[in-house]
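Residue numbers (the working numbering): 12 to 631. Worksheet: the structure to be examined is printed underneath.
Okay, structure coming up:
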């Protein structure tokens, strides 16, 4: 057996972390009373809560291992594999996000039915489930690779134990549990990554003649390792053009536009504007910090190997860089905390994807088959069962991804292979009205066939065969995402010109050209754009029509609201982030200033506490 890393104290810290998170997540299960709560958190949360959840989702356990590996091999240029989202963020903020939010889409496959056809939805459902379940499998593999070296437990047994542990809190809490556990885990991830960086710099000071850790780091990296970007087309296994197509196009677009888990984060926001705030803050502020968090172990490791010979093994395996460096530069207990952060990364990403997968199963398979005849309670029970099934399938896929040389190669192949048909389908659907239902199906099926052909016979596609083989003897590889995107787009465009498009009136609200109409579609009538101020009120119970609330004439004047306008009502304690809140519609006003009439169902849904004030503001 390989050398076991860490101490008993480290193992206790890791187990304690799992116990705390599982208990915390299970606690929030009481806030998931409907499938809307379970999948979307009731569409109630503030931007800052969504931001932290996005951080925790984006930094998967594979992130620490994957980016530390490339940072160890290539230095600062490793960050270009991570910071690609800003390329496409404007298209997401002002195109895709308002479309999915204002149309109240339950899933990404639902968009394909509304934009194209039911057949397109079925195929998209299958492909998106494959994408998310494969992503979960990579998360399981990554954490298991670290933990089995610490506990000495066989890899696959470790995978099973991880799956069971993450199931406990996910099973009960759904999206609300996910978001609030992510709140803790997001902070842990950032703090642990920055702590590791600080400890690494201190290690360099203590073991070299340098008085500054940053100078020691800089001086012990080669000139090429100090470059922010890799060379355009070399070396074969890590270059700018390959990274752009693999991680920038296939990876980042896949993550932003097709990751149902990420989309559900934004769907849990109280409004489109709150979602935009979360996305913008994440890209402009959090993403650069996250790049340092996930990569610094590799930079520190390379500087140590150059300045302190023998401190790290010469033949250090790619997947072992993060754990080995963390074990070297930390003390007992602290190492356990760092690995607990790795656990946080896995749990925050996998719980999102599991929740998203069960959402797709219920929304795109179960409900269409049953024609929505089952009760919401029954659907909630099946959603929880579906999450268990998804994890079982993910566990079964782990051996396949373990056959790759490293997590980076496994993840790169995964992005390059599973996202191109969906990326092309979504982008052409949003930005090209002429794109037809037949064309998107041809993109899915014909594109997939040509992708498989390229994997089997790489010599047929020599213009795209640049780079290393991600799986030796099994395909063209590193820049494969370019070929896959090219053939999928080619099929889609070609078939479009030979098929008849639908009339534009059937596409209302489904393309970027109709974004200005979406608010009216969401409300169901003309939107009152008058800008008012929030009001603080107390509630009284009254039997009102479903979804309606009644404010005073004076309070409606302050908010610049009219009957039929939408209103967001929340517990005025800001730090709850919208946990206790409801969406409703203004009814006829009354004369009691500072009072809002709501019904029992709304009070229960919002979890309002009698005597505590509420804050209300007009939506949109």
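Backbone N, C-alpha and C fix where the C-beta goes; we use that ideal spot for every residue, glycine too. The model shown is predicted, which means the values in this text are computed figures rather than measured ones.
| Item | Value |
| --- | --- |
| Just tell me which of 176, 204, 595 has its CA closest to the CA of residue 308. | 204 |
| Considering only residues of the region 406–462, which uninterrupted alpha helix (DSSP H) runs meet the minimum length of 4 residues and lie entirely inside it, listed in chain order? | 418–429, 431–442 |
| Alpha carbon to alpha carbon, what distance is there between residue 346 and residue 630? | 47 Å |
| Applying the criterion that 16 or more other CB atoms from any shown protein chain within 10 Å of the CB defines a buried residue, is residue 27 buried or exposed? | exposed |
| Please state whether DSSP places residue 8 in a helix, a strand or coil. | Since the displayed the chain opens at 12 and closes at 631, residue 8 lies outside it and no answer follows. |
| Report the rounded CA-to-CA distance for residue 327 versus residue 313, giving the unit in angstroms. | 11 Å |
| Taking DSSP as the reference, what is the three-state secondary structure of residue 77? | helix |
| Taking its Cβ as the centre, do 16 or more other Cβ atoms sit within 10 Å of residue 564, making it buried, or is it exposed? | exposed |
| Closest to residue 213 by CA distance: which of 385, 341, 262, 78 is it? | 341 |
| For residue 322, which option in 215, 600, 175 has the closest C-alpha, if you only look at C-alpha atoms? | 215 |
| Mind checking which residues open and close the alpha helix (DSSP H) that includes residue 237? | Premise fails: residue 237 is in no alpha helix (DSSP H) and is neither H nor E. |
| Let's test the definition: count the other Cβ atoms within 10 Å of the Cβ of residue 507 and tell me whether it reaches 16, buried, or not, exposed. | buried |
| Can you list, in chain order, the residues of its chain with a C-beta nearer than 8 Å to that of residue 6? Leave out the 5 residues immediately preceding and following it. | Residue 6 cannot be examined here, being either before or after the span of the chain that is shown, 12 to 631. |
| Considering residue 627, what are the terminal residues of the beta strand (DSSP E) in which it resides? | 625–629 |
| Curious, which full-length alpha helix (DSSP H) runs of at least 4 residues does the region 235–305 contain? | 251–254, 271–278, 283–292 |
| Going by other Cβ atoms of all chains shown within 10 Å of its Cβ, with 16 needed for buried, is residue 613 buried or exposed? | buried |
| Please go through the region 90–121 and give each complete alpha helix (DSSP H) segment of 4 or more residues, from N-terminal end onward. | 108–113 |
| So for residue 489, helix, strand or coil by DSSP? | Reliability of the predicted coordinates at residue 489 is poor, the pLDDT of 48 falling under 50, and the value obtained from them is presented with this limitation in mind. Correct three-state label for residue 489: coil. |
| Take the Cβ of residue 467 as the centre, count every other Cβ of all protein chains shown within 10 Å, and call the residue buried at 16 or more, exposed below. | exposed |
| Select from 597, 420, 22 the residue whose C-alpha is nearest the C-alpha of residue 330. | 420 |
| Report all residues from its chain with a CB closer than 8 Å to the CB of residue 165; omit the five preceding and five following residues, and keep chain order. | 159 |
| Taking Cβ to Cβ, would you say residue 256 is nearer than 7 Å to residue 108? | no |
| For residue 373, tell me which candidate among 351, 400, 352 has the shortest Cα-Cα distance. | 400 |
| Mind reading off the beta-carbon distance from residue 304 to residue 200? Whole number of angstroms is fine, and I expect it under 8 Å. | 7 Å |
| Among 129, 91, 416, 513, which has the Cα closest to the Cα of residue 241? | 91 |
| Per DSSP, what kind of secondary structure is residue 607 in: helix, strand or coil? | strand |
| For residue 279, which of 113, 516, 446 has the nearest alpha-carbon? | 113 |
| How should residue 537 be labelled, buried or exposed, when 16 other C-beta atoms within 10 angstroms of its C-beta is the threshold for buried? | exposed |
| Would you mind sorting residue 535 into buried or exposed? The rule is 16 or more other CB atoms within 10 Å of its CB. | exposed |
| Leaving out five residues before and five after residue 354 in sequence, what residues of the same chain have Cβ atoms less than 7 Å from its Cβ? | 25, 28, 29, 154 |
| Return helix, strand or coil for residue 232, following the three-state DSSP convention. | coil |
| By Cβ distance, which residues of its chain are closer than 7 Å to residue 543, with the 5 residues on each side in sequence left out? | 569, 570, 571, 572, 629 |
| Grab me the residues of residue 529's own chain with a C-beta within less than 6 Å of its C-beta, minus the 5 sequence neighbours each way, in chain order. | 109, 113, 520 |
| Using beta-carbon positions only, say whether residue 318 and residue 169 come within less than 7 Å of one another. | no |
| Classify residue 605: buried if its beta carbon has 16 or more other beta carbons within 10 angstroms, exposed otherwise. | exposed |
| In whole angstroms, what separates the C-alpha of residue 496 from that of residue 407? | 28 Å |
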